[in-house]
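Visitor: Read in order, the letters of the sequence shown are residues 26 to 284 in our numbering.
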Amino acid sequence: MSTRRQQVFGTDVPVALVLGSGAKRVGNSIARLLANEGYQLAIHANRSLEEAEATARQLREIGTPAIAVQGNIAVEADARRIVRETYQHFARIDVLVCAAAIWRPIKLEEVTAAEVRENFEINTLGSFVCAQEAGLLMASQPSGGTIILIGDWAIVRPYKNYAGYFPSKGAIPTLTRTLAVELASRNPRVRVNAVLPGPVMLPADLPPAEREHAIAGTLVKREGTPEHVAHAVLALVENDFITGVCLPVDGGRTIASGE
Numbered sequence: 026m027s028t029r030r031q032q033v034f035g036t037d038v039p040v041a042l043v044l045g046s047g048a049k050r051v052g053n054s055i056a057r058l059l060a061n062e063g064y065q066l067a068i069h070a071n072r073s074l075e076e077a078e079a080t081a082r083q084l085r086e087i088g089t090p091a092i093a094v095q096g097n098i099a100v101e102a103d104a105r106r107i108v109r110e111t112y113q114h115f116a117r118i119d120v121l122v123c124a125a126a127i128w129r130p131i132k133l134e135e136v137t138a139a140e141v142r143e144n145f146e147i148n149t150l151g152s153f154v155c156a157q158e159a160g161l162l163m164a165s166q167p168s169g170g171t172i173i174l175i176g177d178w179a180i181v182r183p184y185k186n187y188a189g190y191f192p193s194k195g196a197i198p199t200l201t202r203t204l205a206v207e208l209a210s211r212n213p214r215v216r217v218n219a220v221l222p223g224p225v226m227l228p229a230d231l232p233p234a235e236r237e238h239a240i241a242g243t244l245v246k247r248e249g250t251p252e253h254v255a256h257a258v259l260a261l262v263e264n265d266f267i268t269g270v271c272l273p274v275d276g277g278r279t280i281a282s283g284e
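1) Does P273 pass the burial test, meaning 16 or more other C-beta atoms within 10 Å, or should it be called exposed?
2) What span of residues does the beta strand (DSSP E) with A93 cover, start to end?
3) Does DSSP put P251 in a helix, a strand or coil?
4) Below 8 Å, can you find three or more Cβ-Cβ pairs linking the segment 91-100 to the segment 69-83?
5) Can you tell which of T203, V51, P39 has the C-alpha that lies nearest to the C-alpha of H114?
6) Where does N61 sit, in a helix, a strand or coil, going by DSSP?
7) Please state whether the Cβ-Cβ distance between P198 and G176 is less than 8 Å.
8) In three-state DSSP terms, what is N71?
9) Would you mind giving the Cβ-Cβ distance between L42 and A67, rounded to the nearest angstrom? I have them listed as a contact below 8 Å.
10) Quick check on the DSSP output: the alpha helix (DSSP H) that includes P233 runs from which residue to which?
11) How is the beta strand (DSSP E) around L161 delimited, first residue to last?
12) Between which residues of its own chain and A77 is the CB-CB distance below 6 Å, once the five residues before and five after are set aside?
13) My guess is that E99 and L44 are in contact by the Cβ rule of under 8 Å, so how many angstroms apart are they, rounded?
14) Between the C-alpha atoms of P287 and G249, what's the straight-line distance to the nearest angstrom?
15) Can you tell me whether P183 is helix, strand or coil according to DSSP?
16) Whose CA, out of A257, A209, A281, Y112, lies closest to the CA of T268?
17) Roughly how many angstroms lie between the CA atoms of V206 and R216, to the nearest whole one?
18) Note down the Cα distance separating S152 from G169, rounded to an integer number of angstroms.
19) Could you spell out the range, first to last residue, of the beta strand (DSSP E) harbouring P222?
20) Mind listing, in chain order, the continuous beta strand (DSSP E) runs of no fewer than 3 residues lying wholly within the segment 77-129?
21) Based on the DSSP secondary-structure assignment, which residues constitute the bridge partners of I175?
22) Of all the options V136, P233, E101, which has the alpha carbon lying nearest to the alpha carbon of N186?
23) Leaving out the 5 sequence neighbours to the left and right, which residues in its chain are closer than 6 Å to S27 when beta-carbon positions are compared?
24) Rounded to whole angstroms, what is the Cα-Cα separation between I147 and A260?
25) Just reading off the alpha helix (DSSP H) that V43 is part of, what are its end residues?
26) Need the endpoints of the beta strand (DSSP E) that P273 sits in, please.
27) Is the Cβ-Cβ distance between L58 and A255 less than 8 Å?
Next comes the structure, spelled out in structure tokens:
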């Protein structure tokens, strides 16, 4: 482990909890990169527990202490227990990444209040409760800690058929800044940032025309990868002079004119 990381976290090995890291998606890539950087890992899943356990087992086989934790972050008791289980197992928590989310297309005419509520309960409220619980534990540690929320680039340029989803992600920048202020007032070594992914790991069943449109809307003219998001997370974790920031990882799609 590097001297710099020892200065940040002390001589003990740091611990990361990555929500939504069981299935082989963005969260899993983030967890594996953090493990490669020397972190002990808590791999979280709700329905993908077998995959989470498999990832934890693979990490242990290469010498990384890792556990799998299960729960529905939309349920407050589950969300708090997931964080507490991680803290009790490792006796510390240095990084929380909130990568658990739902994202599905529904035409505006078919969106119900229940649909909007479910998006908020998972994408917004679940992230809030986990970040609140972990952040207050981090504030009690001399070394502090880092929280990374996952938003969405398209909250500034929303596209059709996701009216039930975008409001839940639109709250992430405000949540990021709010928690950054609140937690720093308790321990200035606790930082909160967000990553706003663009067209990364597009669904396999996405119609070709929609895929081409998403890629054409970037400045780099290609789809991103989960690793692009993971490296952005790592950069925000490692830079201890950044807090309250929302970083688009979108190939320039936020500023592209579309022409």
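Glycine is no exception: its CB is placed at the ideal position from the N, C-alpha and C atoms.
Guide: Per the coordinate set shown:
1) P273 should be labelled buried.
2) 91-95 is the span of the beta strand (DSSP E), which, as asked, contains A93.
3) Of the three classes helix, strand and coil, the one that applies to P251 here is helix, per DSSP.
4) With a cut-off of 8 Å, the segment 69-83 and the segment 91-100 count as touching, because enough Cβ pairs lie within range.
5) If we check each option's Cα against that of H114, P39 comes out closest.
6) Here N61 sits in helix by DSSP.
7) Closer than 8 Å, so yes.
8) Residue state, collapsed to three classes: coil.
9) The Cβ separation is near 4 Å, so the contact holds.
10) In the DSSP assignment, P233 falls within the alpha helix (DSSP H) that extends over 233-241.
11) Where L161 is concerned, there is no enclosing beta strand (DSSP E), although the alpha helix (DSSP H) it sits in stretches over 152-164.
12) Cβ within range, chain order: G47, I68, A70, A93.
13) It is worth fixing the name first, because residue 99 is Ala in this sequence and not Glu. About 12 Å separates the Cβ atoms of A99 and L44, ruling out a contact at the 8 Å cut-off.
14) Since the first residue of the chain shown is 26 and the last is 284, residue 287 is not available in this structure.
15) The answer is coil: DSSP assigns P183 none of H, G, I, E or B.
16) Checking every option, the nearest Cα to that of T268 belongs to A209.
17) Distance from the CA of V206 to the CA of R216, rounded to the nearest whole angstrom, comes to 9 Å.
18) Looking at the backbone, the Cα of S152 and that of G169 are separated by about 19 Å.
19) It spans 215-222 - the beta strand (DSSP E) in which P222 sits, taken as one unbroken run.
20) DSSP runs (the beta strand (DSSP E)) wholly in the segment 77-129: 91-95, 120-123.
21) Under DSSP, I175 shares a beta bridge with V220.
22) Taking only the C-alpha atoms, the option nearest N186 is V136.
23) Bear in mind that a pLDDT of 40 at S27, under 50, signals an unreliable position, so the model cannot answer this.
24) Straight-line spacing of the CA atoms in I147 and A260 works out to 25 Å.
25) Looking at the DSSP string, V43 is not in any alpha helix (DSSP H); the run it does join, the beta strand (DSSP E), is 40-44.
26) Element bounds for P273: 271-274.
27) Yes.
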